[in-house]
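Remarks on the structure that follows.
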Amino acid sequence: ECDFCTVHKFNGNNMRCHSPEYVAEAFELAKRWGANYIFLNDDIVNIPLKFAIEVCEQAAKVIPKVPKNGQFRLETAKFPELLEALKKARFENLCIGFESFDDDVLKGMQKKAKGDQAIEAIKVLRKWGFNIHGMFIAGAAHDTLENIRKLPAFARKLGISTFQLMIVTPLPGAELMANLVAKSQQAL
Numbered sequence: 017e018c019d020f021c022t023v024h025k026f027n028g029n030n031m032r033c034h035s036p037e038y039v040a041e042a043f044e045l046a047k048r049w050g051a052n053y054i055f056l057n058d059d060i061v062n063i064p065l066k067f068a069i070e071v072c073e074q075a076a077k078v079i080p081k082v083p084k085n086g087q088f089r090l091e092t093a094k095f096p097e098l099l100e101a102l103k104k105a106r107f108e109n110l111c112i113g114f115e116s117f118d119d120d121v122l123k124g125m126q127k128k129a130k131g132d133q134a135i136e137a138i139k140v141l142r143k144w145g146f147n148i149h150g151m152f153i154a155g156a157a158h159d160t161l162e163n164i165r166k167l168p169a170f171a172r173k174l175g176i177s178t179f180q181l182m183i184v185t186p187l188p189g190a191e192l193m194a195n196l197v198a199k200s201q202q203a204l
């Protein structure tokens, strides 16, 4: 669990998913409304894997010509069967929360991923022809101004199509917020 994330606090460690058939009904509505682009607004589309593949199959069947986008974890690159399903469903842009490429920063955020894993995932996803929207966080523990300044050029060099930089925000319920509150109380 990342220290800035509130998803586990609100949802626990359980996944709640609509059935692929329900998602297909939503695709049918989008088709009737004349959608020319779909963004699958889910915290993480590729979990669980079987569900993600079934959703892609429904998307390919119901609304095959409309380009799609969604949020994914970098582990998506490890599953060729998912990548193939995403291509068939016309997912063109994958939004991935890398947060950072720096291992010290990632460790400070309690991210399990490492910078080299992110770099490898980008290479795989680009080989498959996906555009990558990279989401990064500035100002986390162990982050430096130098890291933040070099991040856009490094992301561009790796082939990230679009770049989003967010300022670390301590949200109520997140471990980051609790730690900051505790530190501020100690300072008093």
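Each residue of the sequence shown is one higher than the one before, starting from 17 at the first, in our numbering. For each residue, glycine too, the CB sits at the ideal point set by N, CA and C.
key: Local Cβ density within 10 Å of D132, reported as buried at 16 or more and exposed below that   = exposed
task = Mind reading off the beta-carbon distance from A105 to C72? Whole number of angstroms is fine, and I expect it under 8 angstroms.
result = That pair is a contact at about 4 angstroms.
query = Using CA coordinates, which residue listed in L196, I148, P80 is at the minimum distance from R89?
reply = I148
query = What separation, rounded to the nearest whole angstrom, lies between the Cα atoms of S177 and C111?
reply = 10 angstroms
key: Entirely enclosed beta strand (DSSP E) segments - the region 134-172, minimum 3 residues   = 147-154
key: L181 beta carbon less than 8 angstroms from that of A154   = yes
request  = Starting from the C-beta of D159, find all residues in its chain whose C-beta is less than 6 angstroms away, skip the five residues before and the five after it, and write them out in chain order.
outcome  = If we look at D159 and ignore the five residues flanking it on each side, its Cβ neighbours are V121.
query = Cα separation between A190 and V197?
reply = 11 angstroms
request  = Going by CA-CA distance only, name the one from E115, G145, K77, G50 that's closest to G175.
outcome  = When only C-alpha atoms are compared, the closest one is G145.
request  = Output the distance between the C-alpha atoms of A93 and Q201, rounded to the nearest integer angstrom.
outcome  = 43 angstroms
request  = Look up G113 in the DSSP assignment and say whether it is helix, strand or coil.
outcome  = strand
key: Selection from N57, N195, K199, K173 that minimises the alpha carbon distance to K84   = N57
ask   = In chain order, what residues of the same chain have a beta carbon less than 7 angstroms from the beta carbon of A134, not counting five sequence neighbours either side?
value = L90, F114, F117
inquiry  = What does the Cβ neighbour count give for F55, buried or exposed, with the cut at 16 atoms within 10 Å?
reply    = Looking at its Cβ environment, which holds fewer than 16 other Cβ atoms inside 10 Å, F55 is exposed.
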